[in-house]
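Residue numbers (UniProt numbering): 1 to 249.
Every residue, glycine too, gets a C-beta built ideally from N, C-alpha and C.
In this text the structure is predicted, and so the values were computed from the model without any measurement.
This is how it looks when you write it as structure tokens:
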């Protein structure tokens, strides 16, 4: 039984199937590897058994005929031309290529010239290991003129200071009083604490009257005076609060 080869156009998997499995008009087949579905055709009987490759068929006989025709029309190169090497170019290089080559040559020439100039400009190291005296007076050394040092001035003795007069008893007592620290007398300390206590007592009395004013408001004129004073203190406190907070007119 004749078999034909069917190749999947997607994954190139080849299948060998009997020729009777394909009708003359062809049929759709599915690749079991990638799942691709295409229509497989029977090879044409009019051409000499081409190789069926999926939807493409290549006639090897036709390829051979084309190759033979190309071989007949192509003449082999002569041995003389082969021995002489490649034939020279008959056409001129383009302007842009020629300009690039000229620029490269000019650049190389400038670099070489710069390197030569740099080598010539290097200072030549002098050889100091020579014998013989140098040319005179090319390296004449002159000693600086020695200046006479000024004579040391003779130290003039300063006159002896006169001794201080003997301190008198009054002067000694004054110095002792200035040196000793001044002590605060007990009477001054007692007056400070007495004034502080009096101020604290008055403040406590005012606070007590301010707090007791509501309970003493029924005691006739005394209670009315206390309430009036309390109202005045409240007004002053509110005014001070408004002034500090910036709400005062």
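Between the C-alpha atoms of residue i and residue j, what's the straight-line distance to the nearest angstrom?
i: residue 230; j: residue 210; result: 6 Å
i: residue 196; j: residue 208; result: 18 Å
i: residue 98; j: residue 117; result: 29 Å
i: residue 234; j: residue 212; result: 14 Å
i: residue 240; j: residue 232; result: 12 Å
i: residue 251; j: residue 237; result: The question about residue 251 has no answer, for the chain in this structure spans 1 to 249.
i: residue 28; j: residue 11; result: 17 Å
i: residue 36; j: residue 20; result: 22 Å
i: residue 219; j: residue 228; result: 13 Å
i: residue 18; j: residue 42; result: 11 Å
i: residue 206; j: residue 190; result: 25 Å
i: residue 13; j: residue 24; result: 23 Å
i: residue 266; j: residue 95; result: Beyond the ends of the chain as shown, which are 1 and 249, falls residue 266; an answer cannot be given.
i: residue 224; j: residue 203; result: 21 Å
i: residue 214; j: residue 192; result: 35 Å
i: residue 216; j: residue 201; result: 21 Å
i: residue 250; j: residue 112; result: Any question about residue 250 goes unanswered here, given that the chain covers just 1 to 249.
In terms of residues, what are the limits of the alpha helix (DSSP H) holding residue i?
i: residue 36; result: Segment: none, residue 36 is in no alpha helix (DSSP H) and carries neither H nor E.
Report buried or exposed for residue i, applying the criterion of at least 16 other Cβ atoms within 10 angstroms of its Cβ.
i: residue 6; result: buried
i: residue 101; result: exposed
i: residue 3; result: exposed
i: residue 114; result: exposed
i: residue 40; result: buried
i: residue 306; result: The structure shown has nothing for residue 306, since the chain only spans 1 to 249.
i: residue 31; result: buried
i: residue 8; result: buried
i: residue 226; result: buried
i: residue 16; result: exposed
At what residues does the beta strand (DSSP E) containing residue i begin and finish?
i: residue 14; result: 14–18
Scan the region 201–248 and note each continuous alpha helix (DSSP H) run of 4 residues or more that stays entirely inside, going in chain order. For the region 201–248, whole alpha helix (DSSP H) runs of length 4 or above, ordered along the chain, are 220–245.
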